[in-house]
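J.:
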Amino acid sequence: MVGLKEDMGTCSICRKISATDSDHLHCIEKRRIELENVQLKDTITEKLDLEKDPNNMGKEIKALLGHMNREKEKSE
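Residue numbering for the sequence shown follows the UniProt record's numbering, starting at 1 and increasing by one per position.
(1) Check the DSSP bridge columns for residue 28 and list the partner residues they point to.
(2) For the alpha helix (DSSP H) holding residue 66, just list the boundary residues, first then last.
(3) Under a three-way DSSP split, which group does residue 20 fall into?
(4) CB residue 31 to CB residue 13, shorter than 8 Å?
(5) Taking residue 22 as the reference, which of 9, 16 and 15 has the closest Cα?
(6) In angstroms with no decimal places, state the Cα-to-Cα distance between residue 79 and residue 29.
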């Protein structure tokens, strides 16, 4: 039991006890996804190119927005 205590550490993300001396894998994955979401929000207008010409959207984006509008109307 004494050796087990030496291997235990604290996750730097959730601050809970970790069985290893590193962060929990699910905490690392959650942080990665959150960072990707922040980066996507920061670059979405550049990717869509809406600031330059809102009528110059790709077919995929128009289809996605149309689908989202139809789903919204169904829920209302």
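By construction, the Cβ of each residue, glycine as well, lies at the ideal position given by its N, Cα and C atoms.
T.: From the atom records:
(1) Answer is none; residue 28 lacks a bridge partner.
(2) 59-75
(3) coil
(4) yes
(5) 9
(6) As shown, the chain starts at 1 and ends at 76. That puts residue 79 outside it, with no answer to give.
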